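Enquirer: So in full-length UniProt numbering, spot 119 of the sequence shown is number 119, and the numbers just go up one at a time.
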Amino acid sequence: MKSVVASSFGPAPTMHIEQRPVPSPREGYTLVRMHAATVNPLSSQVLAGIVEHARAPLVLTNDGAGIAEHSGAFEPGTRVAIYGGAALGVTEDGLQQQWALVQDKRIIRLPDSITLDQGAAFPINYVTAYQALTRIGQVKDGQTVLIS
Numbered sequence: 001m002k003s004v005v006a007s008s009f010g011p012a013p014t015m016h017i018e019q020r021p022v023p024s025p026r027e028g029y030t031l032v033r034m035h036a037a038t039v040n041p042l043s044s045q046v047l048a049g050i051v052e053h054a055r056a057p058l059v060l061t062n063d064g065a066g067i068a069e070h071s072g073a074f075e076p077g078t079r080v081a082i083y084g085g086a087a088l089g090v091t092e093d094g095l096q097q098q099w100a101l102v103q104d105k106r107i108i109r110l111p112d113s114i115t116l117d118q119g120a121a122f123p124i125n126y127v128t129a130y131q132a133l134t135r136i137g138q139v140k141d142g143q144t145v146l147i148s
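1) What residue range is occupied by the uninterrupted beta strand (DSSP E) comprising residue 107?
2) With residue 141 as the anchor, note down where its alpha helix (DSSP H) starts and where it stops.
3) How big is the Cα-Cα spacing for residue 22 and residue 98?
4) Determine the DSSP secondary structure at residue 132, reduced to helix, strand or coil.
5) Using a Cβ distance threshold of 8 Å, determine whether the stretch 9–27 contacts the stretch 36–43, with at least three qualifying pairs required.
6) Quick one: what does DSSP say residue 43 is sitting in, helix, strand or coil?
7) Do you know offhand how far residue 88's Cα is from residue 96's?
8) Output needed for residue 7: all residues of its chain with C-beta closer than 8 Å, excluding positions within five of it in sequence on either side, in chain order.
9) Ordered along the chain, which non-local residues of its own chain (more than five positions away) have a Cβ less than 6 Å from that of residue 119?
10) Given that a residue counts as buried once 16 or more other Cβ atoms are within 10 Å of its Cβ, and exposed if not, what is residue 123?
11) Whole angstroms is fine: what's the gap from residue 79's alpha carbon to residue 67's?
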């Protein structure tokens, strides 16, 4: 399979396309045929070398969407979105590859009304909005929020 690999970080990071084997399925993980993977600030920070625990070579990106192919949690062919948290694309290979092996707890089934492209963009935006409301805005249960 093709993977986009960052082989160095810092002021002049390097990336290249590399042939790698498709990951082997295992308990608690889903093998996803990737459709779309985002580029977000975390990937930029990793490439810049400011995420200290990231090590090259590394496949970047922690959120995306695709089709579940082998899983104990999802039927083959299920459309899924992935949010890899702090691990995918930082301490373990991320989603900029043709297939990714992802922890089941990091995957949600996409409804038919959401495209795979939309599903790929959803996870980090959801987490950012949720944290803005709960951590920064300290919105509590029962409060009303006006978004304009």
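All residues carry an ideal CB built from backbone N, CA and C; glycine is no exception. Keep in mind it's a predicted model, so treat the numbers as computed, not measured.
Expert: The answer reads as follows:
1) Where residue 107 is concerned, the enclosing beta strand (DSSP E) stretches over 107–109.
2) Residue 141 -> no alpha helix (DSSP H), and no H or E assigned at all.
3) 8 Å
4) helix
5) These segments do not touch.
6) helix
7) 10 Å
8) 14, 15, 16, 56 and 57
9) 65, 81 and 110.
10) With at least 16 other beta carbons inside 10 angstroms of its own, residue 123 counts as buried.
11) Distance between the alpha carbons of residue 79 and residue 67: 5 Å.
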